[in-house]
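In the working numbering, the protein residues as written are 16 to 506.
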């Protein structure tokens, strides 16, 4: 494999140790490939952030861990910290500079995040041994011609404001063009940063993960992203990978319509996606492509939600039944929402941990069958509204747990159609459905109803666990199933 010109030798050596390589690409500049076969769930790389910035009012600005007891910085009144050591560490990384700029009102609060990242990167670059992350960061593209005039002006203003601080002036005293360098860094942030989230996929911040930024995008990714301690990204294979295959992540949520994905990718990352969902392959092979080339026709190209009353009526039809009937068994007598769930569960869940080619054939079959028999519940307008109902239930002080269970199962099944089977959102929704069913079982009126709810809950746990052990790992803080391991038996 020929390495990409201008790639630092230390970076090439580091990637080689992890069975990774960079190869030139006419359409993508370069691609990151695996030099060895991978199984779904294999760890590809751990990447420590070059810099991070919290975007959540509920996460520590230093470690990015969620906390209900955060202390506000008394000088800038923006940054929040979970403990004194975190505050002291962040101060040394550059918050002392950011805090001064904010306190003096010379920096607009809207530019807070980019200024924070810029300061931390420049402080790190001034260290005697800045590390491999800095070398990888300097190899990233910044697309200088792709930003419009207002954005370029905003970038220049933020960079100039940061450089006006005496500490920044001293760090870049020997550089021939400090402003150009600072603007380049900000453009790299805009073009390469990752959103940081907790194990439940709640956003806590953003960061520059320079090694992970070497991965290109696909709406059908084969790599999942998780975070440990807020600052370490763990990249895992989300599907089986052959030697020489390109490793791909999703830069945005693939549960959006094709036109919006294209618009977003073009405006933020400056490219046209050519994945199987965005450009139909010349020859569709079910065991290779599954049903993903057809999924956007099923979802439709509109995301305007339906009337919430219509969505509520569908939910009432599902819950206004004399008794709870199992969804993990074949039945043709369910109301429309439950029938939708039962149909997808019957086809895809039995092969959730089967070989990839077998699952993809099943996925292809369920998508093509659904296209021949259109169902409004497949479409994004219905998905958006029913997801809103789920959020409303979870935000309620007194959620109706059976409603939560049905809505979570609906979301999980729709995600199974649109996402890869081991996508973390699939697993999380099945686990949520299990928890809700266990809670709903407390209100069961008969032993039979209790038994059916518990049995379906256990099926949900099985599916969720299979998915999350791939995306989150089998042990440690990222085990999103651990709260649901001990539950009553169903006799």
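Even glycine gets a Cβ: it sits at the ideal position worked out from N, Cα and C.
Determine which residues share a DSSP beta bridge with residue 62 and list them. Here residue 62 refers to the residue found at position 47 of the chain shown. DSSP lists 248 as partners of residue 62.
So which of 482, 453 and 408 has the shortest CA-CA distance to residue 436? Within the chain shown, numbered from 1, the residue matching residue 436 stands at position 421. That would be 482, whose Cα lies nearest to the Cα of residue 436.
Three-state class that DSSP yields for residue 81 in the structure shown: The residue labelled residue 81 in the question sits at position 66 within the chain shown. Three-state DSSP puts residue 81 in a strand.
When you compare each of 188, 464 and 429 to residue 359 by their alpha carbons, which one comes out closest? Residue numbering aside, residue 359 sits at position 344 when the chain shown is read from its first letter. With distances taken between Cα atoms, residue 359 lies closest to 429.
Under 8 Å, do residue 62 and residue 226 count as touching if we go by C-beta distance? Locating residue 62 in the chain shown gives position 47, where the first residue counts as 1. Locating residue 226 in the chain shown gives position 211, where the first residue counts as 1. Yes.
Can at least three beta-carbon pairs, one atom from the region 319–328 and one from the region 440–449, be found at a separation below 8 Å? no
Mark residue 391 as exposed unless 16 or more other C-beta atoms lie within 10 angstroms of its C-beta, in which case mark it buried. As a first step, residue 391 must be located in the chain shown, where it is residue number 376. Exposed: under 16 other Cβ atoms inside 10 Å.
Spatial distance of residue 237 from residue 271 (CA atoms): Locating residue 237 in the chain shown gives position 222, counting from the first residue. Locating residue 271 in the chain shown gives position 256, counting from the first residue. Approximately 18 Å between the Cα atoms of the pair.
Sorted by chain position, which residues of the same chain lie with C-beta nearer than 8 Å to residue 82's C-beta, five sequence neighbours on each side aside? The residue given as residue 82 occupies position 67 in the chain shown. Answer for residue 82: 73, 74, 75 and 97, listed in chain order.
On the CB-based measure, 16 or more other CB atoms within 10 Å of its CB, does residue 129 come out buried or exposed? Residue 129 sits at position 114 when you count from the first residue of the chain shown. By the 10 Å Cβ count, residue 129 comes out buried.
Residue range of the beta strand (DSSP E) that residue 48 falls in? Locating residue 48 in the chain shown gives position 33, where the first residue counts as 1. First-last of the beta strand (DSSP E) with residue 48: 44–49.
Less than 8 Å between the C-beta atoms of residue 211 and residue 219, yes or no? Position 196 of the chain shown, counted from the first residue, corresponds to residue 211. Position 204 of the chain shown, counted from the first residue, corresponds to residue 219. It is a contact, given that the beta carbons lie within the stated cut-off.
Contiguous beta strand (DSSP E) assignments of at least 3 residues, all confined to the region 17–41: 35–40
What are the complete alpha helix (DSSP H) segments, minimum 4 residues, inside the region 403–430? none
Could you check whether residue 155 and residue 208 sit closer than 8 Å to each other, using their CB atoms as the reference points? Residue 208 sits at position 193 when you count from the first residue of the chain shown. Residue 155 sits at position 140 when you count from the first residue of the chain shown. Going by C-beta atoms, residue 208 is not nearer than 8 Å to residue 155.
For residue 296, which residues in the same chain have their Cβ closer than 8 Å to its Cβ, ignoring the five residues on either side in sequence? Position 281 of the chain shown, counted from the first residue, corresponds to residue 296. Result list for residue 296: 304 and 308, in chain order.
At the level of alpha carbons, what is the spacing between residue 302 and residue 292? Looking up residue 302 in the chain shown gives position 287. Looking up residue 292 in the chain shown gives position 277. Each residue's alpha carbon lies about 16 Å from the other.
Proximity below 8 Å, CB of residue 422 to CB of residue 408: Locating residue 422 in the chain shown gives position 407, where the first residue counts as 1. Locating residue 408 in the chain shown gives position 393, where the first residue counts as 1. Yes, these two residues count as a Cβ contact at 8 Å.
Straight-line CA distance for residue 425 to residue 419? As a working note, residue 425 is residue 410 in the chain shown. As a working note, residue 419 is residue 404 in the chain shown. The alpha-carbon atoms of residue 425 and residue 419 are separated by roughly 10 Å.
Using the Cβ count rule (16 or more neighbours within 10 Å means buried), how would you classify residue 216? As a working mapping, residue 216 is identified with position 201 in the chain shown. Its Cβ having fewer than 16 others within 10 Å, residue 216 is exposed.
Helix, strand or coil: how does DSSP classify residue 94 here? What you label residue 94 is simply residue 79 of the chain shown in a count that begins at 1. Coil.
Can you name the start and end residues of the alpha helix (DSSP H) that residue 56 belongs to? Here residue 56 is taken as the residue at index 41 of the chain shown, counted from 1. Where residue 56 is concerned, there is no enclosing alpha helix (DSSP H), given that its DSSP letter is neither H nor E.
So, helix, strand or coil for residue 488, using DSSP? As a working note, residue 488 is residue 473 in the chain shown. In the structure shown, residue 488 falls within a coil segment according to DSSP collapsed to helix, strand and coil.
Option nearest residue 32 by Cα separation, candidates 51, 38 and 41: Sequence index remark: in the chain shown, residue 32 carries index 17 (1-based). Among 51, 38 and 41, the Cα nearest to that of residue 32 is on 51.
Under a three-way DSSP split, which group does residue 212 fall into? As a first step, residue 212 must be located in the chain shown, where it is residue number 197. If DSSP states are grouped into helix, strand and coil, residue 212 belongs with the strands.
Have a look at 355, 160, 375 and 126 and flag the residue whose alpha-carbon is nearest the alpha-carbon of residue 93. Here residue 93 refers to the residue found at position 78 when the chain shown is read from its first residue. The shortest Cα separation from residue 93 among 355, 160, 375 and 126 belongs to 126.
DSSP puts residue 272 in a beta bridge; with which residues? The sequence position of residue 272 within the chain shown is 257, counting from 1. Answer is none; residue 272 lacks a bridge partner.
Roughly how many whole angstroms lie between the Cα atoms of residue 393 and residue 381? The sequence position of residue 393 within the chain shown is 378, counting from 1. The sequence position of residue 381 within the chain shown is 366, counting from 1. If I take the Cα positions, the gap works out to 12 Å.
When you compare only the Cα positions, how much space is there between residue 70 and residue 350? Walking along the chain shown from the start, residue 70 turns up at place 55. Walking along the chain shown from the start, residue 350 turns up at place 335. If you take the alpha carbons of residue 70 and residue 350, they lie about 42 Å apart.
Where DSSP assigns a beta bridge to residue 67, which residues make up the other side? Here residue 67 refers to the residue found at position 52 of the chain shown. For residue 67, which the question treats as bridged, DSSP gives the partners 222.
Tell me whether residue 76 sits in a helix, a strand or coil according to DSSP, three-state version. Taking the chain shown and counting its residues from 1, the one referred to as residue 76 is at position 61. Residue state, collapsed to three classes: coil.
Of all the alpha helix (DSSP H) runs that stay within the bounds of the region 145–187, which reach a length of 4 or more residues? 147–153, 164–178 and 181–186
Less than 8 Å between the CB atoms is what I'm expecting for residue 371 and residue 255, so what's the real figure, rounded? Against the chain shown, residue 371 aligns to sequence position 356. Against the chain shown, residue 255 aligns to sequence position 240. Residue 371 to residue 255, Cβ: 5 Å. Contact.
Once the 5 residues before and after residue 356 are set aside, which same chain residues still bring their CB inside 7 Å of it? Residue numbering aside, residue 356 sits at position 341 when the chain shown is read from its first letter. Cβ within range, chain order: 342, 424, 425 and 428.
For residue 87, which of helix, strand or coil comes out of DSSP? In the chain shown, residue 87 corresponds to position 72, counting from 1. Assignment of residue 87 by DSSP, reduced to helix, strand and coil, places it in the strand class.
Can you tell me whether DSSP reads residue 133 as helix, strand or coil? As a first step, residue 133 is located in the chain shown; it is residue number 118 there, counting from the start. Correct three-state label for residue 133: helix.
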